[in-house]
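One structure is given here, and the rest of the page talks about it.
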Ligand SMILES: NC(=O)c1ccc[n+]([C@@H]2O[C@H](COP(=O)([O-])OP(=O)(O)OC[C@H]3O[C@@H](n4cnc5c(N)ncnc54)[C@H](OP(=O)(O)O)[C@@H]3O)[C@@H](O)[C@H]2O)c1
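Residue numbers (the working numbering): 3 to 326.
Structure below.
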């Protein structure tokens, strides 16, 4: 079948190991479902995979992609939950030490078909297009858990979103606004700051700029480049939720003194549970809130999307369609 996969790793030239070609048909073990992919979306995770982060050499070739929406064997429209937990695991799948994301141990979604445990399919409402639904399982689910589960934010609270252009960051801005929060965003790029305002930020500031007031929580996916500013932007007792380190994990100053003196809470967050994905789908269906799609490409043109993400030239999600 048609597939977009990683054949080798390169830290400096990740696209050199990306192949658009053919891979064997997947076989669904007992209790697994075969989903015919209609749309899939790109995440930074796919670039990390091509750099050899989180993916083992012996797993190659590996079909990339965590996110998909499509049809199950009975023709139902479904969204795929990307977190595959051990069959013996019960409870929050993100806490299972044996969990993996699609495209780490099991073949990913950039293909005609993908197989997943049956509990990993969530019904897709008709109101969401396949392209919109394909944005949800990684970036949007991560944003949902960061804000409402790990961040514990509620209507009326204030939040700072760092690095406004990213897939997770745009999801954070849109979801935070839908949830009744006061939303600040930062970006290095003036055009991206303008777009951040259009999608729901109340104020958009240059990276590192002082906020007009301290916030209840900061959503951090950038890492080293923004960490210090994130800590300095919190009110006493505030919360920083961290789910990514795009600019690097090693910070120059961890700001430990501020963390203890202001009694800040530093909380990690990763992906989300199947139930959170179902809640996110319901939230979008009920409110009309929709993922921001930067561009939709035919899946055969996937390398164009990877290149745009590698260059930081995206605002919102890059979607690969099987229908375009
Ligand atoms: N833990 C999880 O479950 C999980 C799930 C999804 C993603 N992630 C992680 O979250 C991060 C974001 O993912 P994504 O898919 O949203 O990636 P992305 O679309 O590539 O977002 C990257 C954003 O980071 C900002 N950025 C990059 N380098 C920067 C720098 N030097 N200084 C300031 N800002 C910088 C940029 O903001 P501006 O250009 O606007 O300044 C850019 O918009 C990745 O590291 C990813 O691995 C984690």
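From the three backbone atoms N, C-alpha and C, an ideal C-beta is built for every residue, glycine too. All of these numbers come straight from a predicted model, not from anything done at the bench.
Task: CB contact flag (residue 79, residue 156, <7 Å) - done: By 1-based counting over the chain shown, the position of residue 79 is 77. By 1-based counting over the chain shown, the position of residue 156 is 154. Pairing residue 79 with residue 156 gives a Cβ-Cβ distance that is not under 7 Å.
Task: Where residue 273 sits in the DSSP three-state scheme - done: Residue 273 sits at position 271 when you count from the first residue of the chain shown. Coil, per DSSP.
Open item on the list: Rounded to the nearest angstrom, what separates residue 290 and residue 318 at their Cα positions?
Closed with: Locating residue 290 in the chain shown gives position 288, counting from the first residue. Locating residue 318 in the chain shown gives position 316, counting from the first residue. Each residue's CA atom was taken as its position, placing residue 290 and residue 318 some 17 Å apart.
Open item on the list: Going by C-alpha to C-alpha distance, which of 81, 118, 167 sits closest to residue 32?
Closed with: By one-based count along the chain shown, residue 32 stands at place 30. Ranking the options by Cα distance to residue 32, first place goes to 118.
Open item on the list: Since residue 310 and residue 316 should fall inside the 8 Å C-beta cutoff, what is the C-beta to C-beta distance between them, to a whole number of angstroms?
Closed with: The residue labelled residue 310 in the question sits at position 308 within the chain shown. The residue labelled residue 316 in the question sits at position 314 within the chain shown. Correct: roughly 5 Å between the Cβ atoms.
- [ ] Flag residue 168 as yes when its Cβ comes closer than 6 Å to any non-hydrogen atom of ligand 1, and as no otherwise.
- [x] In the chain shown, counting from the first residue as 1, residue 168 sits at position 166. The answer is yes for residue 168.
Open item on the list: Tell me which residue opens and which closes the alpha helix (DSSP H) that residue 169 is part of.
Closed with: What you label residue 169 is simply residue 167 of the chain shown in a count that begins at 1. Segment 169-180, the alpha helix (DSSP H) holding residue 169.
Open item on the list: For a test of the three-state rule: what should DSSP assign to residue 3, helix, strand or coil?
Closed with: Within the chain shown, numbered from 1, the residue matching residue 3 stands at position 1. Of the three classes helix, strand and coil, the one that applies to residue 3 here is coil, per DSSP.
- [ ] Give the DSSP-derived three-state secondary structure of residue 65 in the structure shown.
- [x] For the purposes of this step, residue 65 is taken as the residue at position 63 of the chain shown. When secondary structure is reduced to three states using DSSP, residue 65 falls in the strand class.
- [ ] Could you name the residues of the same chain whose beta carbon sits closer than 6 Å to that of residue 41, not counting the 5 residues immediately before and after it, in chain order?
- [x] As a working mapping, residue 41 is identified with position 39 in the chain shown. Apart from the 5 residues on each side of it in sequence, residue 41 sits with its Cβ closer than 6 Å to the Cβ of 71, 132, 133, 136, 321, 323 in its chain, given in chain order.
Task: Any non-hydrogen atom of ligand 1 closer than 6 Å to residue 223 Cβ - done: Start at 1 with the first residue of the chain shown, and residue 223 comes out as number 221. At least one heavy atom of ligand 1 lies less than 6 Å from the C-beta of residue 223.
Open item on the list: Following a CB-centred definition, is residue 196 positioned closer than 6 Å to any heavy atom of ligand 1?
Closed with: On the chain shown, position 194 is the one that residue 196 refers to. Checking every heavy atom of ligand 1 against the Cβ of residue 196, none is found closer than 6 Å.
Open item on the list: So, for residue 166: in the same chain, excluding its five sequence neighbours on each side, which residues have a beta-carbon less than 6 Å away from its beta-carbon?
Closed with: Counting from 1 along the chain shown, the entry for residue 166 is found at position 164. Around residue 166, the same chain offers 187, 189, 194, 198 as residues with beta carbons nearer than 6 Å, after the five sequence neighbours per side are excluded.
Task: Any non-hydrogen atom of ligand 1 within 6 Å of residue 46 CB - done: One-based indexing of the chain shown puts residue 46 at position 44. For ligand 1, at least one heavy atom lies less than 6 Å from the Cβ of residue 46.
Task: Of the residues 28, 260, 225, the one placed nearest residue 114, counting alpha carbons only - done: Residue 114 sits at position 112 when you count from the first residue of the chain shown. It is 28 whose Cα lies nearest to the Cα of residue 114.
Open item on the list: Tell me the rounded alpha-carbon separation between residue 191 and residue 76.
Closed with: Within the chain shown, residue 191 is the residue found at index 189, counting from 1. Within the chain shown, residue 76 is the residue found at index 74, counting from 1. Roughly 46 Å between the two C-alpha positions.
Task: Proximity winner among 154, 206, 168, 170, relative to residue 181 (alpha-carbon distances) - done: To locate residue 181, count along the chain shown from 1; it is residue 179. Residue 154 is the option with its Cα nearest to residue 181.
- [ ] Write down the C-beta distance between residue 37 and residue 82 rounded to the nearest angstrom, noting that I regard them as a contact closer than 8 Å.
- [x] Taking the chain shown and counting its residues from 1, one reaches residue 37 at position 35. Taking the chain shown and counting its residues from 1, one reaches residue 82 at position 80. Taking C-beta atoms under 8 Å as the contact rule, residue 37 and residue 82 qualify, at a distance of about 6 Å.
Open item on the list: Just checking residue 148 against ligand 1 - is the residue's beta carbon closer than 6 Å to any of the ligand's heavy atoms?
Closed with: Position 146 of the chain shown, counted from the start, is the residue given in the question as residue 148. Answer for residue 148: no, Cβ out of range of ligand 1.
Open item on the list: On the DSSP bridge list, what partners appear for residue 221?
Closed with: The count along the chain shown starts at 1 and reaches residue 221 at position 219. Beta-bridge pairing links residue 221 to 163, 243.
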